[in-house]
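Read through the structure below, which is laid out as structure tokens, and then see the notes.
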Amino acid sequence: MAEEVLVFGAWGSPFSRRVEMALKLKGIEYKFIEEDLTNKSPSLLKYNPVHKKIPVLVHNGKPVAESLVILEYIDETWKDHPILPKDPYERANARFWAKFIDEKCLSAIFKACWGACWGEEKEHEKAEIEHEKAVKEVSELLQFLENELKEKRYFGGETVGLLDIAANTIGYWLGVFEEASGVELLTREKFPKLCNWANEFVCVTAIKENLPPRDKLIAYFRNRFGAGNASK
Amino acid sequence: MAEDSVKLLGYWVSPYSLKVKWALKLKGIQYQYVEEDLKNKSPMLLQYNPVYKKIPVLVHDDKPLAESLIILEYIDEVWKQNPLLPIDPYERAKARFWAKFADDKCVPALVAAFSKKGEEQERAVKEARENLKILESGLEGKRFFGGETIGFVDIAAGWIGCWAQMTGEIIGIKLIDAETMPLLDSWFQDFLEIPLIKECMPPQDELLEHCKELHTKF
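These protein sequence lines map, in sequence, to chains A and B.
Take 546 as the starting number for the first sequence in the numbering used here and just add one per residue.
Take -4 as the starting number for the second sequence in the numbering used here and just add one per residue.
Structure representation (structure tokens):
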């Protein structure tokens, strides 16, 4: 059956990379369309009129938006190499932590790396206190993930699952933010399991092939957000 | 299934615990309800939801679950009668999309319209109306998001009609306009008329009093 799968995304976005990782894991062929986010294509605006954002998956002309919604759609449409477990409680658990990563972790990480550097100049002391608070918050959030990993190789168990894919921001992009901003967050001494997981994660073929070049990404973030929040 | 195997920790005015009540009622699931005092959260709540420390929490066979939309999906997967989500993956994706849109875009705008003043409130009202209009497009002309009967999005977002109306009364600005959002307006009315939906709602006068009191704090 002729099938057309399009992915509208951006090279540096962890969200569109998630979609590509899932498709790659399941061996699904697709066409990738790189969007210039400063000049969005008419196709993107047509396929995602509500949010006008990437990623969008278009399957035989039908668009799906929002990366976690797309991951679930992919899993339900192509049954090989399932990324969600069968047990309803385990599924709920994976969804919970994926949502946690998106809603709590990312903004906290950004704040810790670049928070006080945005906007107006702040007094150094005040910026320092805010920075410490932000770093502490990230630490608490990462601790939850460290505990959730337990003795598993991946969040999904023996193979990568939806939560591992959703955690690509932690597994790869976090390291990039750290290097770009000079702020250390995911230390081996505090988070040995999470660090081990990150190392394993980026080695999985379907994941590795979908990671944007590190140097290019670091340069991009440095350029966009400045040299970062590291103690001066 | 025994009543004590399913427990719901909630709060009487919270629409989030209301959604879970609706889902449990729709599927005929017996459960024990525990009312939480949000100013004095129980050790049980803090133990069951250490990440957010919020209600609702569903506890099934001693296993806790948090986040209302995740709880709804869980309920749908464990108890198959009266399904909330459709079977087709594309329709399911649409349902998840709209439930998320309602929570992420409609609700914060409503909350801002309720709690802000002056220009900020004007902006929030405009945004709320725009987002509600967008939500209306998700109905695709159907009576309910679930079609002829209620489904996932109806349960996830149907409460917004009542709260938006109440907010409009309190702030003196109409948020749901039957002229500009006729389908949404009908949907909210039809949804709130459904017996099982009505039965679980907190008493309207008490809810209004509670919201009015909350409003004085802003």
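Using N, Cα and C, we set each Cβ at its ideal position, and we do this for glycine too.
Because the structure is a prediction, the values reported are computed rather than measured.
Take A94 of chain B, set aside five residues on each side of it, and the residues of its chain with a beta-carbon closer than 7 angstroms to its own are L64, F147, V148, A151 and A152, in chain order.
If you check each beta-carbon in the region 87 to 98 of chain B against every beta-carbon of chain A, the ones closer than 7 angstroms belong to R87, A88, R91, F92, K95 and F96. Using a Cβ-Cβ cut-off of 8 angstroms, A637 of chain A counts as an interface residue toward chain B, since at least one Cβ of chain B sits closer than that to its own. Considered as a whole, the region 564 to 632 of chain A harbours 587 to 592 and 612 to 622 as its complete alpha helix (DSSP H) runs of no fewer than 4 residues, in chain order. Chain B has no Cβ within less than 8 angstroms of the Cβ of P627 of chain A.
In the three-state DSSP reduction, V747 of chain A falls in the coil class, being neither helix nor strand. The beta carbons of L21 of chain B and L191 of chain B sit closer together than 8 angstroms.
Within its own chain, the residues whose Cβ lies closer than 7 angstroms to the Cβ of S561 of chain A, once the five positions on either side in sequence are excluded, are V552, G554, A555, I599 and P600, listed in chain order. For the region 753 to 764 of chain A, there are no residues whose beta carbon sits under 7 angstroms from a beta carbon of chain B.
The region 619 to 628 of chain A makes contact with the region 566 to 574 of chain A: 3 or more CB pairs, one atom from each, lie closer than 8 angstroms. The beta carbons of V46 of chain B and F689 of chain A sit closer together than 8 angstroms. Under a criterion of Cβ atoms nearer than 8 angstroms, no residue of chain A is adjacent to E117 of chain B; the nearest Cβ is some 23 angstroms distant. Chain A has a Cβ within less than 8 angstroms of the Cβ of Y69 of chain B. L3 of chain B: member of the beta strand (DSSP E) spanning V1 to G5, first to last residue.
For a Cβ distance threshold of 7 angstroms, residue set Y618, E621 and T622 of chain A lies close to P84 of chain B, ordered along the chain. Identification of chain A residues near V46 of chain B by a Cβ-Cβ cut-off of 7 angstroms yields F645 and F689, ordered along the chain. At a beta-carbon threshold of 8 angstroms, none of the residues of chain B lie near Y592 of chain A; the nearest stands roughly 12 angstroms away.
Contact annotation: the region 30 to 47 of chain B does not touch the region 755 to 768 of chain A, with fewer than three C-beta pairs closer than 8 angstroms. Its chain contains L613, L708 and A711 as the residues whose beta carbon lies nearer than 6 angstroms to that of A643 of chain A, once the 5 sequence neighbours on both sides are disregarded; these appear in chain order.
Listed along chain B, the residues sitting closer than 8 angstroms to A610 of chain A by beta-carbon distance are F92.
Not flagged as an interface residue toward chain B: K597 of chain A, since no C-beta distance is shorter than 8 angstroms. In this structure, L629 of chain A sits near G706 of chain A, with a CB-CB distance shorter than 8 angstroms. Bounds of the beta strand (DSSP E) holding K58 of chain B are K58 to A61. A straight line joining the alpha-carbon of E670 of chain A with that of E685 of chain A spans about 23 angstroms.
Within the region 51 to 75 of chain B, the residues whose Cβ lies closer than 8 angstroms to some Cβ of chain A are H55, K58, L60, A61, E62, I65, I66, E68, Y69, E72 and V73, listed in chain order. The beta carbon of V15 of chain B sits closer than 8 angstroms to the beta carbons of L3, G5, P51, L53, S63, I66, L67 and I70 from its chain, once the five residues preceding and following it are set aside; these are given in chain order.
Check the Cα spacing between E677 of chain A and each of A:E693, A:N692, A:E691 and A:W659: the tightest is with A:W659. In this structure, DSSP gives F560 of chain A a helical state, which the three-state scheme calls helix. Per DSSP, H210 of chain B has no beta bridge partner at all. Here G167 of chain B carries a coil assignment [DSSP, helix/strand/coil]. Interface annotation for the region 129 to 156 of chain B against chain A: I129, S132 and G133, criterion Cβ-Cβ distance under 9 angstroms. The residue from B:Q116, B:F96 and B:L41 with its alpha-carbon nearest to that of I129 of chain B is B:F96. Put simply, of A:V721, A:V683, A:L731 and A:L739 the residue whose alpha carbon is nearest the alpha carbon of K695 of chain A is A:L739.
Taking the Cα of S12 of chain B as reference, the smallest distance to any Cα among B:L60, B:Q42, B:P38 and B:S0 is reached at B:L60. Of the residues A:A657, A:G716 and A:E703, the one whose Cα lies closest to the Cα of E682 of chain A is A:A657. Of all alpha-carbon atoms in B:D172, B:K48, B:W17 and B:V29, the one lying nearest the alpha-carbon of P78 of chain B is that of B:W17.
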